[in-house]
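Reading through the structure tokens given below for one structure.
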Amino acid sequence: MIDRDGYRPNVGIIITNDKNQVFWGKRIRQHAWQFPQGGIQHGENPEQAMYRELYEEVGLMPEHVEILGRTREWMRYEVPQSWSRRESRGGYRGQKQIWFLLRLVGRDCDVCLRACAHPEFDAWRWNDYWLDIQAVIEFKRDVYTKALNELVRYLPEPKIKCVCSPHAHDLVRV
Numbered sequence: 001m002i003d004r005d006g007y008r009p010n011v012g013i014i015i016t017n018d019k020n021q022v023f024w025g026k027r028i029r030q031h032a033w034q035f036p037q038g039g040i041q042h043g044e045n046p047e048q049a050m051y052r053e054l055y056e057e058v059g060l061m062p063e064h065v066e067i068l069g070r071t072r073e074w075m076r077y078e079v080p081q082s083w084s085r086r087e088s089r090g091g092y093r094g095q096k097q098i099w100f101l102l103r104l105v106g107r108d109c110d111v112c113l114r115a116c117a118h119p120e121f122d123a124w125r126w127n128d129y130w131l132d133i134q135a136v137i138e139f140k141r142d143v144y145t146k147a148l149n150e151l152v153r154y155l156p157e158p159k160i161k162c163v164c165s166p167h168a169h170d171l172v173r174v
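As numbered in the UniProt record's numbering, residues 1 to 174 make up the sequence shown, in order.
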């Protein structure tokens, strides 16, 4: 389903942990890291598509996450012709995305990259929220930057672990 401007509706998913680190997935058989994302199917709204893609790509169910926020407007990026199949080009220009910021309330072991028959990732890791944007494929960098900047306001304070310090009233982040 491509809109009249040539963009396929899509959702992007930023999953955070209690330290405000983000889930970073490695594309199968590639050395490319990215956030989960995927198309919105006919009849789905963005939230429904997000939950479907979350399960298909990461194996997480709705009870494993909490929605912290989402982008207000569509964010667009163009896919270079060399990256898309020639037969599928038609009027296709790229993707328009609604981005969701989620908090993992489940456990790391709830992540299952093999939940579906056609996995998209073969490895994953937690990364700082303000990741090195140079690690993102060039044509997606602007959208990643915009999504991270818009959604950062929804991040709760990271959990801190209290440890003894020489000064009884000081909290030390670990």
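No residue lacks a Cβ here, since even glycine has one placed at the ideal position from N, Cα and C.
CB-CB under 7 Å to P119, same chain, minus the five flanking residues each way: which ones, in chain order?
Answer for P119: I28 and L113, listed in chain order.
Rounded to whole angstroms, what's the CA-CA distance from Y92 to E73? Just pull it up for me.
Roughly 20 Å separates the two Cα atoms.
Strictly by DSSP, which residues pair up with K146?
DSSP, once it has assigned bridges, lists no residue as partnering K146.
Below 8 Å, how does it come out for the segment 11-31 and the segment 121-139: are there three or more Cβ pairs, yes or no?
As far as the Cβ criterion goes, the segment 11-31 touches the segment 121-139, which means the pair count is three or higher.
What are the partner residues of M50, as DSSP defines its beta bridges?
Per DSSP, none; premise fails for M50.
Contact between the segment 142-157 and the segment 46-66: three or more CB pairs below 8 Å?
With the cut-off at 8 Å, the segment 142-157 and the segment 46-66 do not touch.
Hey, out of I137, G69, E138 and Q97, whose CA is closest to I2's CA?
Considering only alpha carbons, the answer is Q97.
Hey, quick one: how far does the beta strand (DSSP E) through M75 stretch, first residue to last?
It spans M75 to E78 - the beta strand (DSSP E) in which M75 sits, taken as one unbroken run.
Identify the continuous beta strand (DSSP E) that holds G38 and give its terminal residues.
Residues Q37 to G39.
Suppose you measure from the CA of L104 to the CA of L68; what does that come to, to the nearest Å?
Taking the straight line joining both Cα atoms gives about 10 Å.
Select from V65, D122 and E157 the residue whose C-alpha is nearest the C-alpha of I14.
The residue with the shortest Cα to Cα distance from I14 is V65.
How many whole angstroms separate the CB atoms of E78 and F139, which I take to be in contact at a CB cut-off of 8 Å?
Right, their Cβ atoms sit about 7 Å apart.
Can you tell me whether A135 is helix, strand or coil according to DSSP?
In the structure shown, A135 sits in a helix (DSSP, three-state: H, G or I).
Count the other CB atoms within 10 Å of the CB of I133; is the residue buried (16 or more) or exposed (fewer)?
So I133 ends up on the exposed side.
How is L151 classed by DSSP in three states: helix, strand or coil?
Helix.
Which residues in the same chain have their Cβ closer than 6 Å to the Cβ of A49, if we skip the five residues on either side of it in sequence?
Closer than 6 Å at the Cβ level, and outside the excluded window around A49, lie V11 and I40.
When burial is assigned at 16 or more other CB atoms within 10 Å of the CB, is E63 buried or exposed?
It counts as exposed.
If you run the structure through DSSP and keep just helix, strand and coil, what is Q81?
Residue state, collapsed to three classes: helix.
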